[in-house]
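Each residue of the sequence shown is one higher than the last, beginning at 1 in my numbering. Ideal Cβ positions, reconstructed from N, Cα and C, are used throughout, including at glycine. Inspection log for the structure reproduced underneath, given as structure tokens.
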Amino acid sequence: MTLSTRQTYLLFIAVILSWSFNWLAMKIGLQYTTALWYASFRLCFSALILFAFLAYRRKIYLPHPKDWPLIFTQGFLQMGLYMTLVIIALHYVGAGRTVILCYATLLWSTPIAVFIYKEPLSAKKLAGFILSLLGIAVYFDPAHFQWHNEHRVIGSLIALTASACWGLAMAHARFGRWHATPSQLYPWKIISAAAPIGLLTLLTQTSGSTHWNSTLILTLTFSTVFATLFAWWGMIILAKALPSTTTAVGVLAVPVIVVILASLVLHEHITSSLVTALSLIIAGIVLVSLDRQKASPEL
């Protein structure tokens, strides 16, 4: 599928907005169900829709055994565990606070890249890591962070754990050996995420904890159709049409938009410490993205 330059950037904006509004959808949807049920519904519905579509078009790829390590990290860690932890964190703290911590992936991906995959530590990578670390320090600054608020502490630590899952998956995606394309493996990633999370939900949650209404159906539909399936399709198109640095930096608009929307729609309070923390974390990611572009100009 070939898009014009204008269509490409319109698609990019649509993907960014889908991911941004999804944070509000999840936060609102949690008023009517538990975090595990929400994650399970989203993952299982996505898997069913995608496999039905691919079966209709007869384009289901059967993974090779060598594909499964990447399927596990990209599926279970990045999609299943990360998504579930994010939704659990949203139960305790606001969407704005959660998204800031979830984007602190450099705290994990940089050490993994350097110490496990032996990637050289450039000045920009080190600076990006330090900026992210400073962002977290500002977030948890005792002068501004309510350490006496148990929910805020628990939710923040869960969100930080989610960023660790994302960071580990990102590092493996960069340095692992791919035997198939990301689009071929994507259905199996959803399965590897949906199966364990769905089983855990069935074993630990009761059906009575979900109160079906139009709001829950709308939020789940948005999370499934737009934030999962549409955004996945869009990013595959964009990965072929745009430089990797453009997409890496462009998606950083998501946490900024989420913080603004959370303030306008959910009436979450934006503090100077939150703005500073987010700015430092974003600046760190931008530095690392620019460093990768210099190291790999073909991207």
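Query	Result
Going by beta carbon distance, what residues of the same chain come within less than 6 Å of A113, once the five residues before and after it are set aside?	E119 and A171
Taking only the alpha-carbon atoms, compute the straight-line gap between L3 and A143 and give it to the nearest angstrom.	50 Å
Any idea if N22 is buried or exposed, counting beta-carbon neighbours within 10 angstroms, 16 or more meaning buried?	buried
Measure the C-alpha to C-alpha separation of D291 and T245 and round it to an integer number of angstroms.	9 Å
I need the straight-line Cα distance from W147 to A194, nearest angstrom please.	34 Å
What's the gap between the Cα of S183 and the Cα of S122?	31 Å
Can you tell me which of the three DSSP states V225 falls into?	helix
In the DSSP assignment, find the unbroken alpha helix (DSSP H) run with Q184 in it and report its ends.	P182 to T204
Do you know how far the Cα of G284 is from the Cα of S207?	43 Å
Does K63 come out as helix, strand or coil in the three-state DSSP assignment?	Reading off the sequence, residue 63 comes out as Pro, not Lys. Here P63 sits in coil by DSSP.
Leaving out five residues on either side along the sequence, give the residues of the same chain with a beta carbon under 8 Å from the beta carbon of G80.	A39, L43, S192, A193, A194, P196 and I197
Alpha carbon to alpha carbon, how far is G176 from G75?	14 Å
So for W212, helix, strand or coil by DSSP?	coil
Can you give the Cα-Cα distance for E298 and P243, rounded to whole angstroms?	With a pLDDT of only 30 at E298, under the threshold of 50, the placement of this residue in the model should not be trusted; the figure read from the coordinates follows. Using only the alpha carbons, I get a separation of about 9 Å.
Among I281, L287, V288 and A277, which one has its Cα closest to the Cα of D141?	A277
Between the Cα of I281 and those of L220, A239, T271 and V138, spot the shortest distance and give me the residue it belongs to.	V138
May I ask you to verify whether the region 219-229 touches the region 44-59, counting CB pairs closer than 8 Å and requiring at least 3?	yes
Given a cut-off of 7 Å on the beta-carbon distance, is the pair L85 and T161 in contact?	yes
Drop a sphere of 10 angstroms on the beta-carbon of L131, count the other beta-carbons inside from all chains shown, and report buried for 16 or more, exposed for fewer.	buried
Out of L229, P187, T219 and L218, point me to the one whose CA is closest to L70's CA.	P187
If contacts are defined as beta-carbon pairs under 8 Å, then S20 and V254 qualify, I think. What distance do you get, rounded to the angstrom?	5 Å
Are the Cβ atoms of V249 and S209 separated by less than 7 Å?	no
Assign S214 to one of two classes, buried (16 or more other C-beta atoms within 10 Å of its C-beta) or exposed (fewer than that).	exposed
Using the rule of at least 16 other Cβ atoms within 10 Å of the residue's Cβ for burial, across every protein chain shown, is Y117 buried or exposed?	exposed
Once the 5 residues before and after S296 are set aside, which same chain residues still bring their CB inside 6 Å of it?	Reliability of the predicted coordinates at S296 is poor, the pLDDT of 36 falling under 50, and the value obtained from them is presented with this limitation in mind. Contacts found: none.
Spatial neighbours of T8 within its chain, please: C-beta separation below 6 Å, excluding the five flanking residues on both sides.	A241
Drop a sphere of 10 angstroms on the beta-carbon of Y82, count the other beta-carbons inside from all chains shown, and report buried for 16 or more, exposed for fewer.	buried
Would R152 and V99 be called neighbours here (beta carbons separated by less than 7 Å)?	no
Measuring straight from C-alpha to C-alpha, what distance separates F230 and A159?	24 Å
At the level of alpha carbons, what is the spacing between G234 and A14?	9 Å
Short check: CB of T219 to CB of G96, under 7 Å?	no
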